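A.B. asks: The structure is given below, and queries will be raised subsequently.
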Amino acid sequence: MEKGKIQTVLGPINPDELGLTLCHEHLSMKFDVAFVPPTNPKYKAYEEAELTLENIGWIRQNPLSSKVNINLNDAESAMLYDVHEYKKCGGCTMVENSTIGLNRDMDFVIRVARETGVNVIAGTGYYVADSLPSSLISRSEEDLVKEMASDLTKGVNGSDVKCGVIGEIGCTWPLHG
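Mapping of the sequence shown onto the UniProt record's numbering: position 16 corresponds to residue 16, and the numbering continues sequentially without gaps.
So, in structure tokens, the structure goes:
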């Protein structure tokens, strides 16, 4: 990339085009790795339940115990609406931090940038070990570095859409390596 530019999913921009920037957003992701079953068996049915007025209070108190609540990949129209609202309020740029392990949807991220006019900078990297397939866990550090470098310099998954940042890099205890 040309020196002094910022890489967005639609191509490089000048730094003065960043404007008001949200630095840690998730436009598209599945957060299944964080799911926590309800501790009270009485609420087991809420695990898979759609969000309703009847259960929203419980979900607010137990956000990681609702599989519907931790899946952003099925909320495209709501997400587009929110990003349009952000733009109307003067927002210019978002850093999309859904990396490998969070089931990012780069096609949707590109769509958000195109339809809203908001600059979107995508992140590359790997989330926590429990979110990654075993085939990835067994790869060498050098292979993982090469994949991230390719996301930044060539494009994601063989496309010409490049990431502009490294992150979100998740970790848990004990550290995996």
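The beta-carbon is built from N, C-alpha and C at its ideal position, and this holds for glycine as well.
Owing to the predicted nature of the structure, the values given are computational and were not obtained by experimental measurement.
1) Measuring straight from C-alpha to C-alpha, what distance separates TYR81 and PHE31?
2) Answer yes or no: do SER28 and ASP130 have a C-beta to C-beta separation smaller than 9 Å?
3) Spatial neighbours of LEU102 within its chain, please: C-beta separation below 6 Å, excluding the five flanking residues on both sides.
4) Residues in the same chain with beta-carbon distance under 8 Å from ASN157, minus the five sequence neighbours each way, listed in chain order, please.
5) Go through the region 62-111 residue by residue and report every complete run of the beta strand (DSSP E) that reaches 3 residues or more, in order.
6) Ends of the alpha helix (DSSP H) at GLU142?
7) Is the distance from the Cβ of MET148 to the Cβ of GLY125 below 9 Å?
8) With a threshold of 16 other CB atoms inside 10 Å of the CB of LEU175, please say whether the residue is buried or exposed.
C.D. replies: Walking through what the data contain:
1) 21 Å
2) no
3) MET29 and TYR127
4) MET106
5) 91-96
6) 141-153
7) yes
8) exposed
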